[in-house]
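Structure first, then comments.
Below, the structure is given as structure tokens:
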């Protein structure tokens, strides 16, 4: 099972603004819901997302319980050089997922 | 199929749960949420004024299901090293916790655009605040009608 899907264009022209779409698989349990017996379900969410381009941080997001399950994040970056774009999600209960994509800049 | 015995156990338990839930529900919940909403915004902007404009918050005006609401924010900015958007924050008025998402970006973003999916507990305002590199704050807000709320139990006021 995949834990994260990222969509990055494989090729881009130098200086072009590219759109990056990411989707992580996670329940994002809010911590505000109760079971049928009235017990509070403990919070279990992704709390942070970081995107680095050849080691330089380009985007960071702090997530809260108000983000829907399976968090989708779409953002943009400038294609500067050929290399790898790395993504990292971290969350409650020691959750951590990384994903990388390569891009060729001409 | 629920048996009679299971039904009785569940019914008894839910009556108990309803009792405690009632005891916890504060009559001033709406006022408290509003105060929490304003406090969350103050924590981000401090004493700086938040002016309307530059930001475009795109969220549907009517939502069937509050568990997944598409939201996008675009900020007008040249995104150069001298003049760019540093951060975008989104808050809601009626959720148990006002913060929705906070993102940090910089000139390398090229454009200040963000799209995600959020949860909304009740009909109310959603506000997006952008922090510019010169320290100014700009905002846009939208009123969203929610017919089926996320986290029902706590969302009903």
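Residue numbers (the working numbering), protein chains in the order written: chain A, 1 to 106; chain B, 1001 to 1157. Backbone N, C-alpha and C fix where the C-beta goes; we use that ideal spot for every residue, glycine too.
Strictly below 9 Å CB to CB, what residues from chain A border residue i?
i                       : result
residue 1104 of chain B : 57, 59, 60, 61 and 62
If residue i and residue j are in contact, beta carbons under 8 Å, what's the gap, nearest whole angstrom?
i                       : j                       : result
residue 1098 of chain B : residue 1037 of chain B : 4 Å
residue 46 of chain A   : residue 71 of chain A   : 6 Å
residue 1055 of chain B : residue 1128 of chain B : 5 Å
residue 1091 of chain B : residue 1040 of chain B : 6 Å
residue 1085 of chain B : residue 1105 of chain B : 6 Å
Applying a beta-carbon distance threshold of less than 7 Å, which residues of chain B neighbour residue i?
i                     : result
residue 46 of chain A : Near residue 46 of chain A there are no residues of chain B at all, since even the closest Cβ is about 11 Å away, more than 7 Å.
residue 76 of chain A : 1109, 1110, 1111 and 1113
residue 17 of chain A : 1110 and 1111
Could you confirm whether any beta carbon from chain C is found closer than 8 Å to the beta carbon of residue i?
i                    : result
residue 8 of chain A : This model lacks chain C altogether, as its protein chains are A and B.
Starting from residue i, follow the beta strand (DSSP E) in both directions and report where the run begins and ends.
i                       : result
residue 87 of chain A   : 83-91
residue 59 of chain A   : 56-63
residue 46 of chain A   : 46-53
residue 105 of chain A  : 96-105
residue 1136 of chain B : Segment: none, residue 1136 of chain B is in no beta strand (DSSP E) and carries neither H nor E.
residue 19 of chain A   : 17-24
residue 6 of chain A    : 4-7
residue 1065 of chain B : 1062-1065
Give me the chain A residues within the contact set of residue i, using Cβ-Cβ distance strictly less than 7 Å, ordered along the chain.
i                       : result
residue 1124 of chain B : What residue 1124 of chain B touches in chain A: nothing, since even the nearest Cβ is about 12 Å away.
residue 1118 of chain B : 66, 67 and 68
residue 1080 of chain B : None at all; the shortest Cβ gap to chain A is about 11 Å.
residue 1068 of chain B : 68
residue 1147 of chain B : What residue 1147 of chain B touches in chain A: nothing, since even the nearest Cβ is about 16 Å away.
Going by alpha carbons, who is nearest to residue i out of the options?
i                       : options                           : result
residue 1145 of chain B : B/1131, B/1128, B/1133 and B/1124 : B/1124
residue 1148 of chain B : B/1054, B/1050, B/1066 and B/1004 : B/1066
residue 20 of chain A   : A/88, A/105 and A/73              : A/73
residue 1119 of chain B : A/50, A/68, A/31 and A/40         : A/68
residue 3 of chain A    : A/95, A/105, A/52 and A/29        : A/95
residue 97 of chain A   : A/78, A/80, A/51 and A/10         : A/51
residue 1110 of chain B : A/6, A/27, A/7 and A/14           : A/14
residue 1072 of chain B : B/1122, B/1106 and B/1112         : B/1112
residue 1045 of chain B : B/1088, B/1029 and B/1126         : B/1088
residue 1095 of chain B : A/8, A/18 and A/31                : A/31
residue 75 of chain A   : A/22, A/91 and A/11               : A/22
residue 92 of chain A   : A/17, A/5, A/29 and A/16          : A/29
residue 1033 of chain B : B/1121, B/1058, B/1131 and B/1132 : B/1121
residue 128 of chain A  : A/39, A/9 and A/48                : Because chain A is modelled from 1 through 106, residue 128 of chain A falls outside the range shown and cannot be assessed.
residue 12 of chain A   : A/58, A/79 and A/6                : A/79
Taking the alpha helix (DSSP H) that residue i belongs to, which residues open and close that run?
i                     : result
residue 78 of chain A : Premise fails: residue 78 of chain A lies in the beta strand (DSSP E), 72-78, not in any alpha helix (DSSP H).
residue 32 of chain A : Unbroken run through residue 32 of chain A: none, as it is neither H nor E.
Chain B partners of residue i, CB-CB under 8 Å?
i                      : result
residue 71 of chain A  : 1116 and 1117
residue 105 of chain A : Near residue 105 of chain A there are no residues of chain B at all, since even the closest Cβ is about 13 Å away, more than 8 Å.
Against residue i, what residues of chain A qualify as contacts under a CB-to-CB distance less than 8 Å, listed in chain order?
i                       : result
residue 1100 of chain B : 64, 66 and 67
residue 1092 of chain B : 66
Quick one: which unbroken alpha helix (DSSP H) runs of 4-plus residues sit fully inside the region 1071-1133 of chain B? Chain order, please. none
In chain order, each beta strand (DSSP E) run of at least 3 residues that lies wholly inside the region 1023-1054 of chain B: 1050-1052
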